[in-house]
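Taking the working numbering, I'd label the letters of the sequence shown as residues 50 to 205. Every residue gets a Cβ at the ideal spot worked out from N, C-alpha and C, and that includes glycine. As structure tokens, the structure follows; a few thoughts come after it.
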Amino acid sequence: MVQTKPVLSTQKFLQQAEEISESRGKRMTPIRKQVLAIIVADDRCMKAYEILEAMQKDFPSSKPATVYRALEFLETEGFIHRLDALNGWTACNDLDIHGHDHNLLIVCTKCGLVAEVDAPEVSHKLQALISQTGFKQNSAQTEIRATCVKCTNTND
Numbered sequence: 050m051v052q053t054k055p056v057l058s059t060q061k062f063l064q065q066a067e068e069i070s071e072s073r074g075k076r077m078t079p080i081r082k083q084v085l086a087i088i089v090a091d092d093r094c095m096k097a098y099e100i101l102e103a104m105q106k107d108f109p110s111s112k113p114a115t116v117y118r119a120l121e122f123l124e125t126e127g128f129i130h131r132l133d134a135l136n137g138w139t140a141c142n143d144l145d146i147h148g149h150d151h152n153l154l155i156v157c158t159k160c161g162l163v164a165e166v167d168a169p170e171v172s173h174k175l176q177a178l179i180s181q182t183g184f185k186q187n188s189a190q191t192e193i194r195a196t197c198v199k200c201t202n203t204n205d
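Right, here's the structure in full:
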């Protein structure tokens, strides 16, 4: 089965993200760490206002702009993925200093669970089909909307 949550513990994930940031000459501020910790602790896609609500427990004066700035930084650094399918964010399963792109992000549209799948053969085929239609792909990642096993079984 495909992994749907970071392999690392939240603490190790944060530590590795901080090390990567420092190696790039960037700073992982307390706000950025808190936003990342909230996202990493949950294996589903989270919306900005859900993150804000969780943030306000430790940082009561947090505002939407604060969260959005942190999300922008974390996405740019490759620590999280922005999911257009659900208008939210999820942690990246495999942090590494070299950077990467996940070919497929499978998103449960009912509960927000996310699975990252590296399937270059599928991505190459999709890219070829996109090119044949005269379009150019804007992102290296493709989101697939689906229903996870748990949600499927709940509907039975």
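Should D91 be labelled buried (16 or more other beta-carbon atoms within 10 Å of its own) or exposed?
-> By the neighbour-count criterion, in which a residue is buried when 16 or more other Cβ atoms sit within 10 angstroms of its Cβ, D91 is buried.
Contained alpha helix (DSSP H) runs [length at least 4] in the region 111–165, N- to C-terminal order = 113–125
State the Cα-Cα distance for the pair K61 and A103, rounded to the nearest angstrom.
-> 20 angstroms
Three-state secondary structure assigned by DSSP to A189 | coil
For the alpha helix (DSSP H) holding T201, just list the boundary residues, first then last.
-> V198 to T203
Excluding the 5 residues preceding and the 5 following T115 in the sequence, name in chain order all residues of the same chain whose CB lies nearer than 7 angstroms to its CB.
-> I80
For R81, name the three-state secondary structure that DSSP assigns.
-> helix
Could you tell me the distance, in whole angstroms, from the CA atom of V198 to the CA atom of G137?
-> 21 angstroms
Own chain partners of Q65 with C-beta closer than 6 angstroms, once the 5 adjacent residues on each side are dropped = L144
By Cβ distance, which residues of its chain are closer than 7 angstroms to R131, with the 5 residues on each side in sequence left out?
-> E124 and W138
With 16 as the cutoff for other CB atoms within 10 Å, does L178 come out buried or exposed?
-> exposed
Using DSSP with H/G/I as helix, E/B as strand and the rest coil, what is A103?
-> Correct three-state label for A103: helix.
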